[in-house]
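So the structure is just underneath, and the comments pick up after that.
Structure, rendered in C-alpha cells:
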C-alpha cells in the first residue's frame, strides 16, 4: 500500500499530521507493507526567501491582528504540536521560500534518503530555528542525514530537480488539493489536514481493505509474446 | 489514469508491445488523461556488456538449436514487429547489458524527456544496430533527444540512478512479474506481454471504467488543521 503525502516544511500542521500518520502506522498491523512517499507542495511559491520580523509579526500583519493575538493563535498550534510530542518554537521560526528545500528532498530521494531528510528539515525548522532558505544551512542538515555536502551544494546551486517539484505540485492541483498536509492512500482515499488520530486509523483500514488486486487481462502469461530471459526466447505461439 | 510499463531496451516484444499500447491509446477517447511511465527491467542483469557472435548465434547456443533455426525463429519476431510498423534488423543487433541505459532513462525522466529517450533507445537498438553498452553511443542517442552530452557522460561514468533502476526492478518482483513487457493500469489491471490489440483496448476501457475516485475521509476540508496559505492560518477549530 502506498501513501503519498503532499506537505511543506514550513507548514505547522504538516509536521503534526506527519506524526499522527506515523503514530497510526505504529498501531497498524500491516505497517510493514505500507510505503510512505512525501511529495512537494509549497504553501507560497511566491514567498521571498528573507522576511522582516518573526512569524508572529507575519501572521499579525497578514490577518490584521495584533502581535499578541498572533502569539495566542500560535499557542493553539503549539499545544497541538505538543499533543504529538513536538516542541514548536515560534519565536525562533524563520519562515522562508521552500523551493530549494523541496529540490533537495528530490535529490535525497535519488540517494534513498527521503524519509530522514524530510523529518530532519521539519525538526530543524519548527524546533531549532533553522533557516531553510540558506544553502549552507540546508547542506548542514543534509549532511546530518548522510548526504554528501559538496554534492548537495552543487544541486542547490543549480536548478536540478525543479521539474520534480513542479510535477508534484501539478499533481496536487489535479487532485484538487486546497491545503496541506494532504494524504492519499493508494490513489483511493484521502485525508486532508492533520485530522484526529481516528481518521488516520480509519483511512489505513479502509485503504487496506480495498487495496487493489491486480487483474491480469489477456492470454496466460506462458503463451505471451514476451521476453522472460536474457535471450528473449521466441514464443511458441505464432505472431498475430 | 496511469500506465506503468516494465520493459527492457533489448527485449524484442517490449518494443512491439510499446507500439500496440500506443496504437490502442490512439484509438482511446480519453487518451489525453492517460500518463504512461516506463520502468526499468533488465532481462538479464548478469549479462556481459560484450558478447561474441551475433544475436542469432546467441539464441542458437542458448536453446541448443542451429543458427538456421534461430534465424527462422527470429523471422517470426521480425514479422510481428513488421505488423506494428517496426523494421527489426537481427543481423545488426548488438545484445548487451542494459543497466547503464536504464540509469540514463532515469536521468532523462529528471529532465522531462523519458518518453523520447525510451523510444529512441529501442529504435536505435532494434533497427540501427546501436550498441547500448557503450557510453559514447548512449550519449549520442541522448543528445538526439535533447539531453546535454556532457551531463549524460557524467551520469554514465558515475553510479547515479542505480537505486532507481533497482527500485523499479524490486517493484516488478513484488508484483510477480515473470516476463516483460508488463503493463499495469492504475495498479489494478495488468497486461503481460505483447498481447493482441484487443487486449490493450479492453485493458484501457476496463481501467478507465474502474478508475478510483478519491474518497476524502474525516472532517470537511474547511475545518481542517491544515495550512492553506503562506502564513498557515490558524484554524478556527480547537486542537484535540
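Chains as they are written, first to last, in the working numbering: chain D, 1 to 240; chain C, 1 to 240. All C-beta atoms, glycine included, are put in the ideal place defined by N, C-alpha and C. None of these values were measured; they are calculated from a predicted model.
- Message: Please list, in chain order, the chain C residues whose beta carbon lies closer than 9 Å to that of residue 40 of chain D.
- Response: Near residue 40 of chain D there are no residues of chain C at all, since even the closest Cβ is about 14 Å away, more than 9 Å.
- Specify whether the region 114-122 of chain D and the region 69-85 of chain D touch according to this definition: at least 3 beta carbon pairs, one from each stretch, less than 8 Å apart. No, they do not touch.
- Closest Cα partner of residue 216 of chain D within the set C:4, C:210, C:213 and C:183: Considering only C:4, C:210, C:213 and C:183, the residue with the shortest C-alpha distance to residue 216 of chain D is C:183.
- Return yes when the Cβ of residue 126 of chain D is within less than 8 Å of the Cβ of residue 15 of chain D, no when it is not. Closer than 8 Å, so yes.
- Note down, one range per segment and in chain order, each alpha helix (DSSP H) of at least 4 residues found wholly within the region 22-90 of chain D. With a minimum length of 4 residues, the continuous alpha helix (DSSP H) runs that stay inside the region 22-90 of chain D are 55-63 and 67-83.
- According to DSSP, is residue 240 of chain D helix, strand or coil? Residue confidence is low: residue 240 of chain D scores 35 on pLDDT, short of 50, so the model does not pin down where it sits. Its coordinate-derived value is still stated next. Three-state DSSP puts residue 240 of chain D in coil, outside helix and strand.
- Message: Buried or exposed for residue 122 of chain D, going by 16 or more other Cβ atoms inside 10 Å?
- Response: Residue 122 of chain D should be labelled buried.
- Quick one: list the residues of chain C neighbouring residue 203 of chain D, beta-carbon separation under 9 Å, in chain order. What residue 203 of chain D touches in chain C: 217 and 218.
- Identify the contact partners of residue 88 of chain C in chain D, using a Cβ-Cβ distance below 8 Å as the criterion. Neighbourhood of residue 88 of chain C in chain D, by CB distance below 8 Å: empty, with the nearest CB roughly 12 Å away.
- Query: What is the rounded straight-line gap between the Cα of residue 242 of chain C and the Cα of residue 108 of chain C?
  - Reply: A query on residue 242 of chain C cannot be resolved here, the shown segment of chain C reaching from 1 to 240 and no further.
- Message: Just to make sure I have the definition right: I need the residues of chain D whose C-beta is within less than 9 Å of the C-beta of residue 110 of chain C. Which are they?
- Response: Close to residue 110 of chain C, with beta-carbon spacing below 9 Å, are these residues of chain D in chain order: 106, 110, 160, 161, 163 and 164.
- Message: Alpha carbons only, please: which of C:161, C:98, C:73 and C:35 is nearest the one belonging to residue 44 of chain C?
- Response: Minimum Cα-Cα distance from residue 44 of chain C among the listed residues C:161, C:98, C:73 and C:35 corresponds to C:98.
- Message: Given this structure, state the Cα-to-Cα distance separating residue 59 of chain D from residue 151 of chain D, to the nearest angstrom.
- Response: Whole-angstrom Cα-Cα distance: 36 Å.
- What do you reckon, are the CB atoms on residue 9 of chain C and residue 103 of chain C nearer than 8 Å? For the pair residue 9 of chain C and residue 103 of chain C, the CB atoms are not nearer than the 8 Å cut-off.
- Quick one: does residue 71 of chain C have its CB under 8 Å from some CB of chain D? It does not; no Cβ of chain D falls within 8 Å.
- Flag this pair as touching only if the region 19-26 of chain C and the region 48-62 of chain C have three or more C-beta atom pairs under 8 Å; answer yes or no. Because the criterion of three Cβ pairs below 8 Å is not met, the region 19-26 of chain C and the region 48-62 of chain C do not touch.
- Taking just the CA atoms, how far does residue 25 of chain C sit from residue 120 of chain C? Using only the alpha carbons, I get a separation of about 19 Å.
- Per DSSP, what kind of secondary structure is residue 162 of chain C in: helix, strand or coil? For residue 162 of chain C, the three-state secondary structure derived from DSSP is helix.
- Between the CA atoms of residue 193 of chain D and residue 240 of chain C - distance to the nearest angstrom: In this prediction, residue 240 of chain C scores a pLDDT of 35, lower than 50, which makes its location untrustworthy; no coordinate-derived value is stated.
- Task: Identify the continuous alpha helix (DSSP H) that holds residue 206 of chain D and give its terminal residues.
- Result: Judged by DSSP secondary structure, residue 206 of chain D falls within the alpha helix (DSSP H) whose first and last residues are 197-209.
- Task: Would you please verify whether the beta carbon of residue 66 of chain D is less than 8 Å from any beta carbon of chain C?
- Result: By the rule that beta-carbons nearer than 8 Å mark a contact, residue 66 of chain D does not touch chain C.
- Query: Of all the CB atoms in chain C, is at least one closer than 8 Å to the CB of residue 188 of chain D?
  - Reply: Cβ-Cβ to chain C under 8 Å: yes for residue 188 of chain D.
- Task: Please name the residues in the region 26-50 of chain D whose beta-carbon is closer than 7 Å to at least one beta-carbon of chain C, in chain order.
- Result: The residues in question are 43, 44 and 47.
- Message: From the DSSP secondary-structure annotation, give me the bridge partner or partners of residue 2 of chain C.
- Response: In DSSP, residue 2 of chain C forms a bridge with C:35.
- Item | Unbroken alpha helix (DSSP H) run spanning residue 153 of chain C, endpoints | Counting along the chain, residue 153 of chain C sits inside the alpha helix (DSSP H) bounded by residues 149-157.
- Query: Is residue 5 of chain D closer than 8 Å to residue 61 of chain D when the C-beta atoms are compared?
  - Reply: No. Outside cutoff.
- Item | N- and C-terminal bounds of the alpha helix (DSSP H) containing residue 215 of chain C | First-last for residue 215 of chain C: 215-217, but that is the beta strand (DSSP E), not the alpha helix (DSSP H).
- Would you say residue 212 of chain D faces chain C, with C-beta separation under 8 Å as the test? Interface flag for residue 212 of chain D against chain C is set, since a Cβ pair is found closer than 8 Å.
- Are there 16 or more other CB atoms within 10 angstroms of the CB of residue 172 of chain C, so buried, or fewer, so exposed? Burial of residue 172 of chain C is indicated by the presence of at least 16 other C-beta atoms within 10 angstroms of its C-beta.
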